[in-house]
Amino acid sequence: MSPGGERVPPSSPDMEIDLPDKNMNTCQANGEKIQDRDSKRIDYVPKIKWPDFLAQVFIHGGCVYGFYLIFTQAKLLTSLWAFLMIYTSGFGITAGAHRLWSHRAYKAKWPLRFILVLLFTITGQRDAYTWALDHRVHHKYSETDADPHNAKRGFFFAHVGWLFTTPHPDVVAKRQAVDMSDLEADPIVMWQKRLYVPLFALLAIGFPVAVPWYFWSESLWVSFWVNFNFRFSVTLNIAFFVNSVAHMWGQRPYDKNISPVENIAVSIAALGEGWHNYHHVFPWDYKTGELGHYSFNITTGFIDAFAYLGWAYDRKYVSPEMVRRRAKRSGDGSHVWGYGDRDIPEEDLKELEAMDKKD
Ligand SMILES: [Zn+2]
Ligand SMILES: [Zn+2]
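Residue numbers for the sequence shown follow full-length UniProt numbering, so the first one is 1 and each next one is one higher.
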C-alpha cells in the first residue's frame, strides 16, 4: 500500500462485499466463525483523511529531526527525560486505556484512574473513551472488515494507515453497536474526553517540553523536537507494533487459527503487551499473558503494586488448567506449561518427582 493509503492491497477483500445470501461476511471470535447477517453489499474505496495524514507526516518528520538533535545539540538530561516520559506515560496506555478501560480486567479506585488518565494524555493517543471503543471493536471483530486496524490489509495499514484513511463502513457500524455504558459512567474518562484538546496541549506538548527548558535551561526549540515529536513518535510506534508486528510474526500456543502471536520483542518494548495470542484468547486476564515475569510484563508489576496499596482490585485472570485445556485444543504446539508437560523426558520427570519428598 502506498503511504497515501489510496490503494487497498490485493489481500484485502477489496471492499466488494457480496450479498448476504451469496457470501456472508464472517468474523472470528476465539476460533469460532460467527456469521454476521447484517452485511450488505458495500462498495468501499478508502480515502485519505488529509489533516490526519499531515499530522502523521509532521509527527514522524519531526521525530527524525528530534533524533538528529539528540546527537548534536540536546543536553543529556533532555534525552533521558524523553526516555523517562516514554516509559512512564506508557502505563497510561497499557494499564489504563487497554487493561482497565478497554477490557475491565481489573478495577481501580479514582486516584489510580486519575493518574492513568494523566499518563495516557501525555502519550497523545486520543481520548481513552475513543481508544477503548476502537479496541473493543478490534477484539470483537478481529481481522474482518469491521476491525479498525485489520491486519489482513497489510502491515502498513495495521500499523498506521488506518489512522488516516476513511474507515470501512462495517467499522463505523460496529463502533455504534459496542456497549460503552461502563465508560460513560466513569467521570474521569468522560472528563478527559470532554477536555481532550486543552489537556493534550497541556500534557502531551506543554509539560514534556517545558520541564527541560525550566529545570536545566534546554532551548525550547530543541526540547520541542525531542520531547514532543521524537517522544510522541516512539510511544506511538511501540503501540502500533502491537497492531502490526504482534498480529504477524511469532508463535500461537493458545490458538493457531487466529493471527495474533506471542512476540517477546514487542512485549519488552510495549511494557508487556506483546503476548498477543494469549491476549486475544483470554482478553479479560489483567496480565495479558501467561508467562510474564515482571521483566517481560512490567505493566503486571505496575498493577500488582497498586493492588498492594489497595488502589487496584478485582484482578481477573485465567487458571493454569484453563490455559492448558485451550492450548491443547487449539494451540500450534508451542505451548510449554511446565511440570507434567508431555514433552518432559521421563528421566527428568523421575528426578523431579524425587525432589523435596516428605518422608
Ligand atoms: Zn486488548
Ligand atoms: Zn490485537
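We put the CB at the ideal spot given by N, CA and C, even for glycine.
Note that the structure is predicted; figures quoted are calculated from it, not measured.
With a cut-off of 7 Å, the C-beta of residue 260 is classified as near ligand 2, since at least one heavy atom of the ligand falls inside that distance.
Annotated three-state conformation of residue 304 is helix, per DSSP. The C-alpha of residue 196 lies about 43 Å from the C-alpha of residue 334.
Taking the CA atoms as reference points, residue 89 sits about 21 Å from residue 216. Check the Cα spacing between residue 142 and each of 353, 309, 243, 347: the tightest is with 243. Contact fails between the region 119-128 and the region 312-324, because fewer than three Cβ pairs, one in each stretch, are under 8 Å apart. Contact between the region 149-164 and the region 179-186 is absent, with fewer than three C-beta pairs closer than 8 Å.
For residue 127, same chain residues with a beta-carbon under 7 Å away, outside a window of 5 residues either side, are 192, 193, 196 in chain order.
Taking all protein chains in view, the Cβ of residue 286 is crowded by 16 or more other Cβ atoms within 10 Å, so the residue is classified as buried.
In this structure, the straight-line span from the alpha carbon of residue 71 to that of residue 78 is close to 11 Å. The straight-line gap separating the alpha-carbon atoms of residue 302 and residue 91 is approximately 8 Å. When distances are taken from the beta-carbon of residue 247 to the heavy atoms of ligand 1, even the shortest one reaches 7 Å or more. By the criterion of a C-beta distance shorter than 7 Å, residue 111 is surrounded in its chain by 311, once the five residues flanking it on both sides are discounted.
With contacts defined by Cβ atoms closer than 8 Å, residue 233 and residue 93 do not form a contacting pair. Judged by DSSP in its simplified three-state form, residue 262 adopts strand. Judged by pairs of C-beta atoms under 8 Å, the region 273-291 touches the region 103-110, as three or more such pairs exist. The beta carbon of residue 99 sits closer than 6 Å to the beta carbons of 105, 286 from its chain, once the five residues preceding and following it are set aside; these are given in chain order. DSSP, read as helix, strand or coil, puts residue 173 in helix.
The residue from 266, 66, 307 with its alpha-carbon nearest to that of residue 295 is 266. Shown here, residue 146 sits in coil according to DSSP, grouped into three states, outside any helix or strand.
Distances from the CA of residue 130 to each of 273, 157, 353, 176 were compared; the closest alpha carbon is that of 176.
Our two residues, residue 69 and residue 225, have alpha carbons roughly 8 Å apart in a direct line.
The distance from the Cβ of residue 253 to that of residue 276 is about 11 Å, inconsistent with a contact at the 8 Å cut-off.
Rounded to the nearest whole angstrom, the C-alpha separation of residue 137 and residue 221 is 39 Å. Of the other Cβ atoms in all chains shown, fewer than 16 fall within 10 Å of the Cβ of residue 264; this residue is therefore exposed.
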